[in-house]
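**Q** Submitted below is the structure of interest, expressed as structure tokens.
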Amino acid sequence: MKPALTRRAMCPPLHWSELPMGEWIAAEIQERLNAWCPELFGYHLLKLGALSSELSCCCSTIRHQSALAPEGQQIGLRGELEDLPIRDGAIDACLLAHALDYSADPHQLLREVDRVLTVDGWVLISGFNPHSLVGIGRWWPSLRRRQPWHARMFAPERIRDWLELLGFEMVHCELFGFSSFSSNSRIHWWRENLGRDYVPYLASVYVLAARKRTIPLTPELKQRWQRKPIIVPGMARV
């Protein structure tokens, strides 16, 4: 298993059009956001990354929504994703559209998300599945510097393990896109239906939703007035 931390310079795309079939991927993610966002409640929603800023969460009741990224056209805040300029527990939901795929330190990124989220806050994550047709393309040297094969591609089960270590509970997970996303590839409805029914773990894109679970530890207070025991140690002799 490859390490999460890397020194490789990452070049995240600033628009969905920079990815092969990027507009189709964005439309599929948007369809799932429209179904899941009504479950989000709170006051503040934060979109991390330039790709997240181009997605809409208008179906959520959270009205104050902003985007943060190092660069981009539709962002409201400029900053590093691994060092969010936001105070602790100020955000009710975070959207990471392929942000982990282009992060040099995804562990630190998730720790920052955990820090800024409120109790029972939500995180929505999308990424490329390495156990898929698009993941196989990374073994070709000519494709490694091109999108989306330049992405790091962490498996959804690995993301789930990272989230569980931080105290998150995965609520939804869905995979789609049974294609290599090459210039000659096509999306066929019959392939999508068959793949979703029989081999969903081979899909190229995953979208998951997890919720932060914080269980407060309330110490049991010792009763101030306790009845003294009738028998104390050392009273009886053998």
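At position 90 of the sequence shown (counting the first as 1) the number is 90 in the UniProt record's numbering, and the numbers step up by one without a gap. No residue lacks a Cβ here, since even glycine has one placed at the ideal position from N, Cα and C.
(1) Three or more beta-carbon pairs under 8 angstroms between the region 143-155 and the region 168-176, yes or no?
(2) Can you tell me where the alpha helix (DSSP H) holding R115 begins and where it ends?
(3) Within a Cβ cutoff of 8 angstroms, which residues of the same chain sit near A90, ignoring the five residues on either side of it in sequence?
(4) Leaving out five residues on either side along the sequence, give the residues of the same chain with a beta carbon under 6 angstroms from the beta carbon of I136.
(5) Would you tell me roughly how many angstroms separate the C-alpha atoms of R7 and Y102, rounded to the nearest one?
(6) My understanding is that S52 touches A99, with C-beta atoms under 8 angstroms, so please give their C-beta distance in whole angstroms.
(7) Taking all protein chains shown into account, do 16 or more other C-beta atoms lie within 10 angstroms of the C-beta of F41, making it buried, or fewer, making it exposed?
(8) Tell me the rounded alpha-carbon separation between A50 and D197.
(9) So what's V207 in DSSP terms, helix, strand or just coil?
(10) Suppose only complete runs of 4+ residues qualify. What are the alpha helix (DSSP H) ranges in the region 125-200, listed by chain order?
(11) Is the beta carbon of L95 closer than 9 angstroms to that of V123?
(12) Need the endpoints of the alpha helix (DSSP H) that I29 sits in, please.
**A** Straight from the coordinates:
(1) No, the region 143-155 is not in contact with the region 168-176.
(2) 106-116
(3) H44, V116, T118
(4) none
(5) Going by the C-alpha atoms only, they are around 12 angstroms apart.
(6) 7 angstroms
(7) So F41 ends up on the exposed side.
(8) 32 angstroms
(9) Assigned with DSSP and collapsed to three states, V207 falls in strand.
(10) 133-136, 156-165, 189-198
(11) yes
(12) 22-36
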